[in-house]
Amino acid sequence: MSTERGRIRITGFETDHLEEREPDTAREEEYVEPQSMWRRIANRLVRDRLALIGITVVVVMAVTAFLARPITVSGVTVQPFSLAPYDPTATAVGGRHEAPSLSHYMGTDRLGRDLFSRVMVGGRYSISIGLVVTALASTFGVIYGSVSGYFGGWVDSVLMRFLDLVFAFPALVLALILVALFGGGFWPLVGAFVLVGWASYARIIRGEILKVKQNEYVLAAKALGARDQSVLFRHIIPNAIAPVIVQATLSVGTVVIGVAALGFLGIGFDPGTPEWGTILDGERDTLATGDGGSWYWWATVFPGLMIFLFVMSMNMIGDVINDALDTQVDDIGGGG
Amino acid sequence: MSLQKFILRRILASVPVLIGVSIITFGLMQLAPGDVVDHMIAANPNVQPGEAARLRQEYGLHEPIWAQYLDWMQGVLTGDFGEVYSSSRDASAIVRARLPETLLLAAFGWVFAILIAIPGGIYAAINKDQLGDDVSRVFALSGISIPNFWLGLMLMALFAVYLDWFPTLDPQTGLLSREMLWWLILPGITIGTAASANLMRIMRTSMAEEINKEYVTAARAKGLPKRTVYLKHVLRNSLISVTTVAAFLTASLVSGSVVVEVVFGWPGLGRELIQAIQLREINLILIITLLTGVVIVLANLLADIVYGLLDPRIRDEY
Amino acid sequence: MASNNISNLNRRRILQGIAATGAVGLAGCLNGENGEADVDVDDALERNEVDIDAIQEGGRLEFALPRDSIDDYDWADSSAAEDSVVFDTVYDGLTTADSTGETHLWMAEEYEPAEANDVSVEDYAEYMVEMEPESVEDGVPSFDLDENNLVIMQHPDDEPEEGEPMRVLTRDEAADAVEDGTFGIRLEGRLHEGIEFHNGEEVTAENVVRSYDRFVGSVNEGQWFDSFLHATAPDGDDGYTFELYAQEADAAAYLELPPYIFPSEHFDVPAGDLDPRDDGDMVPVGTGPYEIAEFEEGSRLLLERTDNYWVEEVGLENIPWYDGPEDFPERPAIEEINIRFVDDSAGRSNALEDGDVDIAYELPSEARNNFHSSESFAVSANPAFGFKFMQFPVEDTDEGGAFAQREVRQAVSALIPRQQIVDLVEQGWGDPARAPIPEPASGMGTAMDYEDLESQDWAYNVEPDPEEAEALLEEAGLERPVEVTVETNSDDEERIDKMELVVDQLNESGLFDAELETPAALGDWTAELYEDGARHDSAERNAAAVIGLAGTPDPHGFHQVLHHPRMHNGCCNFFFPEGALPEEFIEQMESCRFGVDVAEDPDTRRQAYDEFWPEVADLSANVIVDYSLNTGTVSNDVVGFNVHPQTQAILRYALYNPADQQITYLDR
Amino acid sequence: MALLEVENLTVKFYTSEGVVTAVDGLSYTIDRGEKFGVVGESGAGKSVTALSLLRLIESPGEIESGSIRFADPDTVTRLEESYPGHVVDVEDLRDEYNREKLVSRFEEADIPATELTDNPRHDDVEDVLAAGKLDVRDLIDRGHATDLGLIDEEAFIVYDGDEQYIDLLRAPEEAVRTLRGNNVSMIFQDAQTALNPVYTVGEQIAEAIRHHLDYDDEEAKQRAIELLDRVGIPDAESRYTDYPHEFSGGMQQRAVIAMALSCDPDVIIADEPTTALDVTTEAKILDLLEELTDEFDTAVQLITHDLGVVAELCDRVMVMYAGQPVEKAPVEELYYDPKHPYTVGLMSSIPRIGDDRERLQTIPGAMPDLIETPSGCSFHPRCPYAEEACKQKEPRMVEFDSESVDRSAKCLEYTDDLDEGVGYTVTVEDERRMNEPVSGDQHE
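Taken in sequence, the protein lines are chains F, U, A and L.
Residue numbering for the first sequence follows our numbering, starting at 21 and increasing by one per position.
Residue numbering for the second sequence follows our numbering, starting at 41 and increasing by one per position.
Residue numbering for the third sequence follows our numbering, starting at 281 and increasing by one per position.
Residue numbering for the fourth sequence follows our numbering, starting at 226 and increasing by one per position.
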């Protein structure tokens with residue numbers, strides 16, 4: 021072979037016998053196997069010290085909350101363990117506002133209930149609601165956003181207008197109204213927070229999908245006449261899901277704080293309930309010591325600290341996943 | 041298109057959103073069990089059950105929903121937000137009295153947030169992956185993770201009650217006085233922390249991103265000192281992405297104000313809202329939620345404007 | 281079961297412990313070493329006397345109101361107790377009540393029941409006019425009447441229907457009826473001469489008569505006009521004598537009829553509009569010792585001592601019953617009162633501690649104890665009208681319906697640990713209920729001493745009595761444990777704590793299998809109870825309802841709101857529609873208030889009540905748990921503060937009331 | 226001496242994956258007004274070299290060793306004024322330190338002679354010095370002088386008789402800053418990214434002018450406008466206030482050139498100035514660049530992967546591969562007589578005018594990762610003529626002074642280590658042979 025430039029001709033630069041390597045494809049968008057993404061997350065998580073701490077805390081809190089008291093579903097005991105030293109609702113297992121001691125690690129509250137047990141069990145409400153809400157909200161949000169982003173056109177604009185509407189409400193305020201009007205309890209709270217929470221997922225996934233949509237393999241799949249569903253669920257969503265995962269991890273914390281906030285406002289749970297926010301609400305009076313009184317700090321410090329610890333850990337994990345997938349999701353809100 | 045035109049268009053565009061907000065809220069109120077009369081009767085032996093019908097009649101609660109809504113809407117457009125039945129007050133009067141308090145609080149929160157977040161973010165970005173960065177990262181994470189009501193309680197218990205550095209009661213010296221500022225600090229910090237943490241994170245990320253751009257190298261190749269390069273070239277670009285997020289944060293700030301007002305007994309709209317909800321004072325609830333909607337819409341609008349001021353590429357879309 | 285009992289026994293022992301530890305903990309931070317210092321409520325109950333010569337004039341009192349704003353400046357339309365706390369200082373009444381709840385003449389020089397007739401609605405029939413209801417909402421007609429007029433009675437035989445004429449008695453016809461001598465009772469009264477409003481207008485009979493107009497169309501309309509018939513000024517509008525007429529021979533009329541007295545400029549202001557926050561000119565004007573000086577939504581309300589207080593004009597010596605020292609001041613000592621709105625109890629406590637406020641009430645019990653034991657603060661306490669009660673769904677349903685049997689209700693009542701509730705939850709700041717009325721309301725409610733009333737054999741037990749309860753259940757012949765539920769509103773910590781104790785007790789007895797439920801906050805929960813079928817449902821679930829009430833000086837108020845069918849689905853009769861309770865019981869209750877005999881002679885009425893109370897206890901449709909103790913906490917700057925049994929009067933009474941030579945001054 | 230001398234420059238990046246030797250013992254010189262081309266595929270270390278000249282290598286990158294000397298008398302005098310304490314006069318040192326002194330110094334610091342010249346055969350300091358293979362000035366340039374304590378760290382301004390220069394690598398940041406954009410300026414690969422989107426083009430030019438020539442705003446603006454006009458932006462006056470996104474790609478590139486010229490520098494480093502542009506604009510820009518640099522007699526270091534571009538602009542060329550120079554030559558000679566197979570490879574991948582083939586002949590495979598460069602000759606994996614020897618033995622630069630000045634290549638071919646030799650021929654249309662097919666034994 022030979023090439024020329026001007027008058028120069030080169031011959032004898034034979035490269036054919038060199039084994040052909042395929043051209044460097046790093047810069048092209050290729051189909052990402054979702055698994056690989058999970059692997060990336062996992063690798064990152066186990067390598068990052070902060071993340072490990074976070075995971076440990078979350079797991080420990082979740083497990084202890086689960087094992088704190090036996091759980092019976094319609095008479096059948098599904099969880100026999102009882103790690104909590106006392107029944108969290110039992111009054112007068114100790115004196116009124118006893119300081120932390122070996123018998124009551126976190127002291128007792130105004131009714132002589134064991135704070136440690138209460139705080140332990142308290143995890144159940146916040147954590148479970150946090151997880152359930154995130155699961156439901158993200159599922160719905162992803163479907164909504166995907167449909168909107170994938171089909172575009174008037175479908176998109178209609179769906180998005182509605183989204184603007186949802187975003188015009190401050191999440192917590194809307195949740196507050198919902199719960200206050202329609203009553204509290206586990207499922208109502210879940211419902212309320214899903215209703216206010218799904219929107220951000222929808223927005224994120226839509227944005228991603230608009231990007232992914234244009235990639236060759238999608239166009240290819242379409243060209244091959246794949247059905248919209250399969251294109252959407254096999255090819256698009258798996259590649260657009262990354263930021264959703266980050267948002268999800270980060271928002272678990274936000275939900276937990278939100279739930280606690282309602283509890284603190286006395287909305288959502290009955291006062292006796294050992295839910296973190298509700299405990300705080302119940303013990304607010306301890307801020308008033310009267311003249312010469314002493315401050316029963318443990319009554320307000322520990323429940324709040326638990327919320328903080330859990331959410332902090334969740335966010336540390338989310339932060340790391342965020343780096344791992346380097347999506348720039350910035351979870352808005354937090355702090356209640 | 042001119043900036044004025046742009047703003048006008050945006051405001052017009054937001055009208056349907058706000059109407060939607062009011063409709064949704066109104067609908068919720070209608071779906072909810074019990075109305076203001078039920079609550080008055082329930083809570084007050086002086087109001088006899090037989091009165092219910094008469095009161096509903098008097099308050100026009102017997103009219104069909106759409107009629108009630110239209111009446112209300114008409115009122116809103118003429119600045120009359122309707123009556124607060126249980127106390128036969130004008131909702132507008134209450135809003136007029138409470139709104140400034142809340143705005144003051146929110147504003148202070150914002151100032152605090154920005155004062156902490158921007159420098160913090162810059163510092164973190166410049167010293168990326170160094171100690172300073174980690175510190176700011178931990179601060180940011182904590183700030184986002186700490187429940188503001190608890191933070192408020194702790195600040196109050198520690199600084200207002202235990203150390204007694206701050207007042208626990210409105211100094212009653214008027215909105216703009218030193219005592220007032222003093223009284224503002226704790227709630228202000230409480231409400232601002234989450235926002236500042238969020239901002240700081242974004243500031244850091246976006247600045248760190250910008251620093252790796254080629255125009256930075258180019259600027260340095262011109263012989264400009266690092267300082268100039270960062271504070272002139274990088275900062276402005278990073279602020280672009282910050283503004284959009286800042287707008288979102290307003291929503292969380294609004295939510296925050298509800299909680300914080302309760303914690304510190306701040307006489308603002310947030311607390312008013314909670315009571316209104318408990319009393320089913322529909323008009324009050326409606327106008328307050330609508331107001332929050334307005335605030336958020338305005339915040340986004342403002343963000344877009346700032347965005348345009350910062351980024352000429354957007355400006356052309358005005 | 282055994283184990284359960286043991287654990288309960290343990291708990292019981294520990295519970296007793298709480299009060300002690302509570303006190304010791306308290307002692308620990310007060311007077312260090314000796315742990316014996318217990319909360320002694322008694323010295324809080326003692327009156328703080330004032331040395332007249334030591335009284336200091338002027339000063340500004342900071343008063344903490346447990347609210348975040350005035351609900352309604354228009355007293356005619358206001359229904360919030362906290363509003364009254366303020367406006368009691370602005371409006372004086374025809375009568376006033378002393379610290380024992382006994383009423384004395386005040387702006388009225390004379391005022392007494394005169395003539396009573398036995399009349400019924402039918403007797404008014406001849407005066408009634410035919411009128412077409414404008415509209416009819418669930419059986420309640422509304423008419424198109426001119427201002428200040430309303431329908432007082434409708435003919436029982438006429439079913440209200442839209443467009444269908446029906447016979448009604450409006451205020452106009454009421455006047456005619458009264459002229460012909462058709463009325464339930466006439467109260468004759470005479471105002472002191474020379475009483476001036478803050479605006480200088482003199483109070484005449486016209487003010488009394490016209491003031492009623494203001495209640496037309498107000499939230500309180502029903503309450504005012506269910507017994508009021510007519511008012512006249514025999515000596516003409518600018519005379520001083522007035523006559524008040526009630527629809528029936530009503531013993532309560534004496535207390536119920538006198539209106540808040542408004543100046544002529546406000547006669548025609550529609551109810552609710554008298555609010556300076558909405559209209560700067562609409563400032564409440566009364567004859568009380570204080571006038572409103574400055575106000576600002578929520579954040580501010582300043583009261584200033586008026587310079588033309590009527591007592592000075594009239595002179596103490598001219599107040600018929602006054603027998604105190606003649607050098608006792610004729611107006612309050614304190615110049616200004618700054619109302620601080622602090623609706624968070626912890627906030628009030630802190631404000632008081634920091635010296636930001638001088639008087640606060642409704643404090644967290646622990647904080648209050650500390651103030652009480654502190655050198656620099658004082659707590660004043662007084663038995664109050666407020667009470668908590670348990671109401672049983674008496675409907676006999678196939679499922680549940682246990683409370684249909686009075687023995688079961690009595691058994692529950694027998695097990696309520698009333699003393700313990702007061703000791704533990706109220707830390708002693710309360711009064712376990714023995715009699716069905718509180719001490720301050722007993723003046724008109726019994727011929728005996730209150731102590732005697734309390735020690736009747738039918739009286740509620742303060743210590744739980746399992747044997748009695750068991751015996752009762754025997755009679756009922758129900759299989760035990762009886763599954764019952766105690767329900768209360770979710771937004772009242774103390775109430776829930778109290779019921780926790782009740783439930784524990786019920787379970788411990790082994791007679792009941794009890795459970796505490798807190799369905800929702802007061803408003804929502806009661807709203808639920810009013811829904812159709814709620815009553816039936818509660819009966820099936822054996823769910824008793826527990827809430828609290830403020831109470832009134834008139835003994836009738838208590839049981840009327842709890843039992844009377846007219847109050848069904850209102851506050852606070854959840855379970856007793858027409859016919860749910862024995863006719864004779866209701867009649868007996870009514871006869872204690874309505875009827876020529878009781879209306880004309882208070883003593884007859886007292887005896888009537890003494891026959892009624894055992895019935896209440898025996899019926900046990902409502903069981904009273906405890907009576908509250910009103911407490912007010914003050915800093916040492918405040919001298920002579922005493923708390924009034926009626927929360928509404930807490931401020932007004934403390935400031936100035938010759939009845940007990942009550943006066944408070946500031947010593948800074 | 227030359228205007229710019231780069232000697233033995235080594236730059237490493239300490240990444241989490243490992244240490245990347247981006248530039249490895251690179252040496253070259255550029256004379257005043259000379260157009261010097263640096264050619265190689267992406268990743269050859271061209272841009273790193275460029276940034277090193279401006280000392281703009283940011284962590285994790287680090288300039289390991291070597292020296293960069295900038296010999297512009299005016300600049301030297303200017304800096305000398307602001308850094309009086311940082312001057313060395315080599316003459317004085319020569320007088321002060323005779324051979325013995327030096328030797329003893331060496332013994333104290335015990336630096337093995339072999340380190341001095343990268344030549345294992347020189348093992349005795351005494352001889353080396355005697356042989357004159359090593360002068361005090363070399364010691365300074367190679368940084369030994371500081372190790373030996375002859376001069377102190379800060380001394381970066383060097384006088385040697387009538388020669389004077391600045392040692393960039395030892396100069397304090399501030400000093401270097403006064404050179405950046407002023408004496409040595411840079412044209413970036415992609416004008417679009419090199420321009421800050423949020424400031425006007427004019428401002429971005431003017432700011433450098435204000436900074437270096439301390440003009441006031443108005444003057445700076447005027448000059449900026451002139452420059453814009455000069456680089457052929459129509460109606461520059463009004464374009465001054467335009468933002469980058471309002472410029473076309475070509476205009477952006479012109480603006481960047483204007484920026485580079487703003488303080489009429491002595492050297493312009495043009496890093497792939499035309500890759501982002503289409504062929505026609507490319508040509509225009511190159512002409513412009515040539516014209517202007519000729520006019521101001523500015524030296525240019527043109528970095529590109531395209532030998533064609535080099536041909537248009539440059540006098541001399543250096544071909545880089547895997548961070549190392551593999552061939553240096555005057556542009557003509559490189560074309561007619563390429564010595565290194567890589568060069569040949571590059572040439573064979575030049576697009577030919579009227580070339581009808583779909584795909585160009587490129588060198589198969591990619592640049593090796595610079596963490597573990599292949600043993601022996603780093604090009605051997607892609608070299609059609611590679612033999613066993615290439616895997617074992619690392620070739621050294623062979624000078625062809627016989628043929629022309631500063632002509633060298635780095636291939637075992639020229640150290641007679643190849644059995645087969647390289648089998649390519651460069652011919653010209655008229656079939657006249659430029660060179661014989663070179664093969665081991667026949668050479669030299």
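Cβ coordinates follow ideal geometry from the N, Cα and C atoms, glycine included.
For R138 (chain F), not one C-beta of chain A is nearer than 9 Å to its own C-beta. The Cβ neighbour count for W150 (chain U), taken over all protein chains shown within 10 Å, is at least 16; the residue is labelled buried. Per the coordinates, the alpha-carbon of Q267 (chain F) lies some 16 Å from the alpha-carbon of G278 (chain F).
Under the three-state reduction of DSSP, M247 (chain U) is assigned to helix.
Secondary structure note for R311 (chain U): its alpha helix (DSSP H) is the uninterrupted segment L309 to L319.
Against I327 (chain F), the close residues of chain U are P187 and W190, in the order they occur along the chain (beta-carbon pairs closer than 7 Å). Taken in chain order, the unbroken stretches of alpha helix (DSSP H) that lie wholly in the region 845-919 of chain A and span 4 residues or more are 863-871, 876-880 and 882-899. In this structure, R948 (chain A) lies away from E616 (chain A), with their beta-carbon atoms at least 9 Å apart. DSSP places Q267 (chain F) outside any beta strand (DSSP E); the residue lies instead in the alpha helix (DSSP H), whose first and last residues are A262 to F284. Look at F672 (chain A): its C-beta is not under 9 Å from any C-beta on chain U. Taking 7 Å as the upper bound on Cβ-Cβ separation, chain F lies near residues S654, S656 and F657 of the region 653-682 of chain A. About 7 Å separates the beta carbon of Q88 (chain U) from that of Q503 (chain A), a gap short enough to meet the 8 Å contact definition.
Listed in chain order, the beta strand (DSSP E) runs fully inside the region 613-695 of chain A are 616-621, 639-641 and 657-671, counting runs of at least 3 residues. Setting aside the 5 residues that flank it on each side, V876 (chain A) is surrounded in the same chain by A396, D398 and A529, each with a C-beta closer than 6 Å to its C-beta; the list follows chain order.
Spatial neighbours of T298 (chain F) in its own chain (CB-CB distance under 6 Å, excluding positions within 5 residues in sequence) are listed in chain order as G283 and F289. Separation of I350 (chain A) and D363 (chain A) (C-alpha to C-alpha, rounded to the nearest whole angstrom) is 6 Å. The C-beta of Y468 (chain L) comes closer than 9 Å to at least one C-beta of chain U.
When 8 Å is used as the limit between beta carbons, M194 (chain U) is near no residue of chain A, the shortest such separation being about 14 Å.
Cβ proximity to chain A below 7 Å picks out G302, R304, D305, L307, A308, T309, G310, D311, G312, G313 and S314 from the region 301-335 of chain F. In the DSSP annotation of this structure, the continuous segment of the alpha helix (DSSP H) that includes D512 (chain L) starts and ends at V504 to F521.
With contacts defined as CB atoms closer than 9 Å, N328 (chain A) and F657 (chain A) fail to qualify as a contacting pair. Counting along the chain, the unbroken alpha helix (DSSP H) around K616 (chain L) starts and ends at E613 to Q617. Between the region 676-684 of chain A and the region 817-827 of chain A there are three or more C-beta pairs closer than 8 Å, enough to call the two in contact.
The contact set of H273 (chain U) on chain A, defined by CB atoms closer than 7 Å, is empty, because the minimum CB distance reaches about 48 Å.
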